[in-house]
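Numbering (the numbering used here), first residue to last: 1 to 242. Glycine is no exception: its CB is placed at the ideal position from the N, C-alpha and C atoms. Just so you know, these numbers come straight off a predicted model, no measurement behind them. What follows is one structure encoded as structure tokens, with my remarks underneath.
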């Protein structure tokens, strides 16, 4: 919210016109949002958006309107607004926040591959540390708990950056290990460590390799009483001693 209040750049238009009335509507909307009056906030942000003359608060109002729709559980409407925003202002300072908010909407709709896809974009840019850390936590949860091997492979196919590929490959290796596919898991763990290492995934890949290479045998232990104070050489005492 602080970033939005500080103002952003309308990079997708040639001219930004200052509007005092839109400034007041936007500030009222942020106040209402902070007070959890989301219906009132939405109406305030809409006043700014509906102004035919784009102004200093147009992009910020679009983002805040989408966040307000999320709070109102209008997830599909929030998604639609965010997609329109990214199509119109792809270079906006708020693009990272738009992708993060998209991920939250998809999460509430159980569209986990879409959640992962949006969060990977945020993890690539990493402009805002708090947003980066939140995205990292949500991505780990989604990738570990909800994505199938095929869904991870689909994301890998469309992935464009080395960091995203390594992070997805790591999760694929971990999933394969859990499924007992040790040869495949080892190959993918080594793939993560090839070339330039990524700190988000390298250490975990090494740990996974150690687990795979140490074998899949399981050590069993049993605790039995020694029965040293028991008189006689009973079968139980002999077995326990051995």
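**Asked** Between which two residues does the alpha helix (DSSP H) carrying residue 88 extend?
**Response** Here residue 88 refers to the residue found at position 88 of the chain shown. Note, residue 88: alpha helix (DSSP H), 75-88.
**Asked** Exposed or buried, residue 18, counting other C-beta atoms within 10 Å across all chains shown (16 or more means buried)?
**Response** For the purposes of this step, residue 18 is taken as the residue at position 18 of the chain shown. So residue 18 ends up on the exposed side.
**Request:** State the Cα-Cα distance for the pair residue 143 and residue 32, rounded to the nearest angstrom.
**Result:** As a first step, residue 143 must be located in the chain shown, where it is residue number 143. As a first step, residue 32 must be located in the chain shown, where it is residue number 32. Distance from the CA atom of residue 143 to the CA atom of residue 32, rounded to whole angstroms, is 35 Å.
**Prompt:** Ordered along the chain, which non-local residues of its own chain (more than five positions away) have a Cβ less than 6 Å from that of residue 120?
**Reply:** Indexing the chain shown from 1 puts residue 120 at position 120. So the qualifying residues of the chain are 164.
**Request:** Report all residues from its chain with a CB closer than 8 Å to the CB of residue 12; omit the five preceding and five following residues, and keep chain order.
**Result:** Translated into positions along the chain shown, residue 12 becomes position 12. Low confidence applies here, because residue 12 scores a pLDDT of 40, under 50, leaving its location unreliable and the question unanswered by this model.
**Message:** Give me the residue from 186, 179 and 193 with the minimum Cα distance to residue 166.
**Reply:** Locating residue 166 in the chain shown gives position 166, counting from the first residue. Per the C-alpha coordinates, the member of 186, 179 and 193 positioned closest to residue 166 is 193.
**Asked** Can you tell me whether DSSP reads residue 17 as helix, strand or coil?
**Response** Against the chain shown, residue 17 aligns to sequence position 17. Strand at residue 17.
**Request:** Evaluate residue 15 with the Cβ neighbour count: other Cβ atoms within 10 Å of its Cβ, from every protein chain shown; 16 or more gives buried, anything less gives exposed.
**Result:** For the purposes of this step, residue 15 is taken as the residue at position 15 of the chain shown. Classification of residue 15: exposed, given that the 10 Å Cβ count is below 16.
**Prompt:** How long is the line joining the alpha carbons of residue 189 and residue 181, rounded to whole angstroms?
**Reply:** Your numbering for residue 189 matches position 189 in the chain shown. Your numbering for residue 181 matches position 181 in the chain shown. If you take the alpha carbons of residue 189 and residue 181, they lie about 12 Å apart.
**Prompt:** residue 10 to residue 170, Cα distance in whole Å?
**Reply:** In the chain shown, residue 10 corresponds to position 10, counting from 1. In the chain shown, residue 170 corresponds to position 170, counting from 1. Because residue 10 carries a pLDDT of 41, less than 50, the predicted location of this residue cannot be relied on, and no value is offered for it.
**Top-ranked residue by Cα proximity to residue 57, from 150, 25 and 179** = Counted from its first residue, the chain shown places residue 57 at position 57. When each option's Cα is compared against that of residue 57, the closest is 25.
**Message:** Going by the DSSP bridge assignment, what does residue 55 pair with across the sheet?
**Reply:** Stepping through the chain shown from its first residue, residue 55 is reached at position 55. Answer is 17, bridged to residue 55.
**Asked** Would residue 147 pass as a contact of residue 100 if the rule is Cβ separation under 8 Å?
**Response** Position 147 of the chain shown, counted from the start, is the residue given in the question as residue 147. Position 100 of the chain shown, counted from the start, is the residue given in the question as residue 100. For the pair residue 147 and residue 100, the CB atoms are not nearer than the 8 Å cut-off.
**Prompt:** Run through DSSP, which three-state label would residue 223 get?
**Reply:** For the purposes of this step, residue 223 is taken as residue 223 along the chain shown, with counting starting at 1. Assignment of residue 223 by DSSP, reduced to helix, strand and coil, places it in the coil class.
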